[in-house]
Ligand SMILES: [Fe+2]
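Numbering (the working numbering), first residue to last: 135 to 370.
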């Protein structure tokens, strides 16, 4: 499997920490979400509770743990607690005027199945809008959303650090293949599939392309946060 083949170790754009959150903290957030499922809203196939950083339960259970990994007084710029059944398309979560980094906390996977989250070595050089690559499904995106939707990373001039080969076959079949996501969608990309395991902490530079791994589980749930700041400088 290609793992960050095009980057030197000191240029890594992600950090993975295992066994960071004990089960009690995780269960507390899951229970909070489950009790409010009727209040979630559905966007792009994800049932979300927005703005989790401002929830007392996140401030009490999550913030003190995160403080060991980065300065949690940095400005939080949103995100959500989510649950979904289908793997999401490859995308970036940039903001227009400043760098930011994603903090992903896996909460629960149906039947405790092994699940992957994929982070690519490729990143975007244009932050004027969000970017989601939908390949052949591009035409199905609503007109309203077309400014954020794009077709294929390999044809896209805003994507930097492209390889000159197809996606690694093992990574594709084991971690990426899904309805609407064929090999062409990942052409000229390389990256890593990390374990989406409750209790772990995944932090990465928001400008890097990332996506849900192939889903063998019926659903999974996570807490996603985004902070203003440069990944290289802010994450220990
Ligand atoms: Fe994302």
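Don't be surprised by glycine CBs; every beta carbon is placed ideally from N, CA and C.
| Query | Result |
| --- | --- |
| Starting from residue 198, trace the alpha helix (DSSP H) in both directions and tell me its first and last residue. | 197–200 |
| If you drop the 5 nearest sequence neighbours on each side, which residues of the same chain put their C-beta closer than 7 Å to that of residue 352? | 219, 244 |
| Under the rule that 16 or more other beta-carbon atoms within 10 Å means buried, what is residue 339, buried or exposed? | buried |
| DSSP state of residue 305, grouped into three classes? | helix |
| By DSSP, does residue 296 sit in helix, in strand, or in coil? | coil |
| Would you kindly work out how many angstroms separate the C-alpha atoms of residue 167 and residue 215, rounded to a whole number? | 8 Å |
| To the nearest angstrom, how far is the alpha carbon of residue 180 from that of residue 347? | 15 Å |
| Residue 362 lies in the beta strand (DSSP E); which residues open and close that run? | 354–362 |
| For ligand 1, which residues count as neighbours when the test is a C-beta closer than 7 Å to any heavy atom? | 225, 227, 236, 344, 358 |
| Could you tell me if residue 177 is buried or exposed, where buried requires 16 or more neighbouring beta carbons within 10 angstroms of its beta carbon? | exposed |
| In chain order, what residues of the same chain have a beta carbon less than 7 Å from the beta carbon of residue 300, not counting five sequence neighbours either side? | 317, 321 |
| Check residue 369 in the structure and name its three-state DSSP category. | coil |
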